[in-house]
């Protein structure tokens, strides 16, 4: 049976339409989505770049402020140098020498009055390590006097020997103070160590201080 050309054309149109309908459905927005994703990626990259630039600029500003401002402050108002100068000028070499001579006398007086002193605190007061009352021992802060004398070349005949002897003197002073302090807590129940044991040890250290003091005094150049 022969079909007419009109029917053949109609069937061709129907088959073509059906084939087009059965093709995979590609969303028309896929290209738009791809473009949007690309735009988002570009925007994100720009935001990251801006953030990096902000952090870099902020860090540089903070570094400049933290570095330049203190330097500028030190140049305008050099307090450490002023403080050092004030400390250095707080005691003169003559005053340091006078304090040392008074300390030598205080050591002799302490040994002469040893048996009349009542307890460890009385000894420590004479050593200048525990100040009670209104009077202060010349041995109080004797290390500062030693430093001033060391810094003044005209006051010492042998700097190395003076440094060693002054350190020995300070160590003996600290040991005497420790023994006198321990005497305050001696005694009690049981079989305690009597306070006199510690005060006797403190006396030995003070006698050592007197010996070292003679050596130190021999190294000092006494002004006329």
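Residue numbers (the working numbering): 1407 to 1630.
Note that beta-carbon positions come from the ideal geometry of N, C-alpha and C, so glycine has one too.
- Under the DSSP assignment, residue 1541 falls outside any alpha helix (DSSP H); it carries neither an H nor an E label.
- DSSP, reduced to helix, strand and coil, places residue 1497 outside both helices and strands of the structure shown, so it counts as coil.
- Considering only 1628, 1602, 1579, 1590, the residue with the shortest C-alpha distance to residue 1616 is 1579.
- With the rule of 3 Cβ pairs closer than 8 angstroms, the stretch 1553 to 1567 does not count as touching the stretch 1524 to 1533.
- When the five nearest sequence neighbours on each side are left out, the beta carbons in the same chain lying within less than 8 angstroms of the beta carbon of residue 1618 are those of 1571, 1574, 1575, 1578, in order along the chain.
- Using a Cβ distance threshold of 9 angstroms, residue 1567 and residue 1621 count as a contacting pair.
- Rounded to the nearest angstrom, the Cβ distance from residue 1592 to residue 1584 is 13 angstroms, too far for a contact under 8 angstroms.
- Cβ contact annotation for residue 1563 (same chain, cutoff 7 angstroms, sequence separation greater than five): 1625, 1627, in chain order.
- Annotation: the continuous alpha helix (DSSP H) that includes residue 1624 extends over 1601 to 1625.
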